[in-house]
Amino acid sequence: MSIFEYNGSALVAMVGKNCFAIASDRRLGVQLQTIATDFQRVYKIHDKLYVGLSGLATDAQTLHQRLVFRHKLYQLREERDMKPETFASLVSALLYEKRFGPYFCQPVIAGLGDDDVPFICTMDCLGAKELAKDFVVSGTASESLYGACESMYKPNMEPDELFETISQALLASVDRDCLSGWGGYVLLVTPTEVQEKILKGRMD
Amino acid sequence: MKLDTTALDSSAALIPSIGGDGVFPAAPSFDLPSCDDFDGFQKNAKETLKHAKGTTTLAFIFKEGVIVAADSRASMGGYISSQSVKKIIEINPYMLGTMAGGAADCQFWHRNLGIKCRLHELANKRRISVTGASKLLANILFSYRGMGLSIGTMIAGWDEKGPGLYYVDSEGGRLKGNRFSVGSGSPYAYGVLDNGYRFDMSVEEAAELARRAIYHATFRDGASGGVVSVYHVGPDGWKKLSGDDVGELHYKYYPVQTTPVEQEMAEAPAA
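Going down the list, the protein sequences come from chains A and B.
If you use full-length UniProt numbering, the first sequence corresponds to residues 1 to 204, in order.
If you use full-length UniProt numbering, the second sequence corresponds to residues 1 to 271, in order.
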């Protein structure tokens, strides 16, 4: 099994009408054994910017700590929050710094930029950015997720419909993956509110 | 290398040939690939299929007979190829076999064992014992040792001596015992099974113990899941007791508890 499949993960982010949703599974495992069913993969950078980190869990935690550090420094110097596009470039630079000994993570970045325009992007473990207008996926269940999102996604969905779509796409995909699942976690962000929901899924 | 190929043409083994030593006809043989490195080829083929015995099966003997239970997930590496595989194979109306390892291997050789058991019945006018059936299978698997078969099976049945349970694997091992669990989820199943086992249980209690053990294995093991099937083998043969979806079993054993609200929603500041 490859190093990316050691802990198992599933991440997806989708864009709706003036809102975005980011969802992850909740399993932490060591190859086939499940250790925890409440593992957090989506982290907050500031009120309108979230990053999900799939892949090796230890690298995800370390990378998250480094990103929070860099963002806090930025806030002190610039006296404002980072824009999502800038943050994506920061993550890409941090990952490429380790080009010959990389972090085994694939980040998914989702945020509301200027004028509350939703922004999502994903990267490989070396920092190659992939901007998308509709959805991005990452993790061991990524192939199933691509299929599910491609068929279920519609542009300009309202928050409630977006929540339904992303939840169904996530649950359907992790049910085809041995290494991810055991519940789901969805974060829905609009300009005025943030909703966190835990999904009831198959626990096998 | 003389392989046991009676699987291919089982009737041929019983027809005495005229001439020669009169007992063993020239056996048909499996085609072998013509390549330089046969062992390396077999090793590559085995790794391509990624068997790894990802499953959980268990069986135990108790006062009322034998309980046999299994999950129903088939996985190829990390991908779940099916959630509805029949892993308890009905060899004949009073004997069951479980499947762990390569699905094709288990299905083929169990069916072959069923054929041999029936031939034994016809030739000897009485049913074959569980001891005899498991020995037949173990001898076949031993002769294919090292060729990449992947089978971890339990043969459970009821014969004249009462309930019988044997573990047979593709390395050629054969063990008699009272409690077995096979597959990647077996450590988790053993934990629950060994803790709750008593010899004098009723059929319902034993079935619930088996169900719970398989459920716990599906929770912890990534390669087990789907549906728990529980069978009981008694003096009149086997009977399927239940098939419960593990996703629903979880919420039955551990219902969702509504947590009190920690943070009330406040008015959002004007953007």
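By construction, the Cβ of each residue, glycine as well, lies at the ideal position given by its N, Cα and C atoms.
- Residue nearest to B:S181 within the set B:F41, B:A59 and B:D39 is B:A59 (criterion: CA-CA distance).
- Within the stretch 97-179 of chain A, the runs of alpha helix (DSSP H) at least 4 residues long that lie entirely inside it are, in chain order, 142-152 and 159-174.
- Residues of chain B with a Cβ closer than 7 Å to the Cβ of A:C178 are, in chain order, S75, G78, I80, G222 and A223.
- Straight-line spacing of the CA atoms in A:A93 and B:T98 works out to 53 Å.
- The C-beta of A:R77 has fewer than 16 other C-beta atoms within 10 Å across all chains shown, which makes the residue exposed.
- Here B:W238 carries a strand assignment [DSSP, helix/strand/coil].
- Note on geometry: alpha-carbon atoms of A:L73 and A:D81 lie some 10 Å from one another.
- The beta carbons of B:V130 and B:Y166 sit closer together than 9 Å.
- When secondary structure is reduced to three states using DSSP, B:F180 falls in the strand class.
- A direct Cα-Cα distance of roughly 15 Å separates B:M201 from B:V230.
- Remark: C-beta atoms of A:Y153 and A:M14 approach each other more closely than 9 Å.
- Excluding residues up to 5 positions away in sequence, A172, S173, V174, R176 and D177 lie with their Cβ nearer than 8 Å to the Cβ of A:S144 in the same chain.
- B:P187: member of the alpha helix (DSSP H) spanning S186 to G196, first to last residue.
- Where B:Q107 is concerned, the enclosing alpha helix (DSSP H) starts and stops at A103 to N124.
- The C-beta separation of A:D59 from A:Y103 comes to about 4 Å, placing the pair in contact by the 8 Å criterion.
- In this chain, the beta strand (DSSP E) harbouring A:G52 covers L49 to G55.
- Looking at the DSSP output, B:S82 shares a beta bridge with B:A74.
- Interface residue (Cβ-Cβ distance to chain A less than 9 Å): B:Q257 is not classified as such.
- Contact of A:Q168 with chain B by beta-carbon distance below 9 Å is absent, the smallest such distance being about 15 Å.
- For A:V30, the enclosing beta strand (DSSP E) stretches over residues L28 to V30.
- Taking a cut-off of 8 Å on C-beta distances, the stretch 181-197 of chain B touches the stretch 212-225 of chain B, as three or more cross pairs fall below it.
- As DSSP reads the structure, B:T57 sits in a beta bridge with B:A70 and B:V182.
- Shown here for A:A36: same chain residues with a beta carbon closer than 7 Å to its own, the five before and five after excluded, namely L28 in chain order.
- Ranked by Cα distance from B:S81, the options B:W238, B:V233, B:G226 and B:M95 are led by B:G226.
- For B:S134, the enclosing alpha helix (DSSP H) stretches over residues V130 to S143.
- With a threshold of 9 Å between beta carbons, B:V192 makes no contact with chain A.
- Annotated three-state conformation of A:K72 is helix, per DSSP.
- Residue-level contact check: B:S181 does not touch chain A, since none of the beta carbons of chain A fall below 9 Å from its beta carbon.
- Here the alpha carbon of B:T218 sits roughly 33 Å from the alpha carbon of B:I115.
- Looking only at A:R202, A:V30, A:I198 and A:D204, the smallest Cα-Cα distance to B:T258 is reached by A:I198.
- For A:F4, there is no enclosing alpha helix (DSSP H), since its DSSP letter is neither H nor E.
- In the DSSP assignment, B:T259 is bridged to no other residue.
- Comparing alpha carbon positions, the residue from A:P107, A:Q61 and A:F100 closest to A:S142 is A:P107.
- In terms of CA proximity to B:W238, B:I89 leads the group B:I89, B:D36, B:A74 and B:G152.
- One thing to note: B:D39 has its Cβ within 9 Å of the Cβ of B:G146.
- Per the Cβ contact rule, the stretch 106-124 of chain A is in contact with the stretch 43-55 of chain A (3 or more Cβ pairs under 8 Å).
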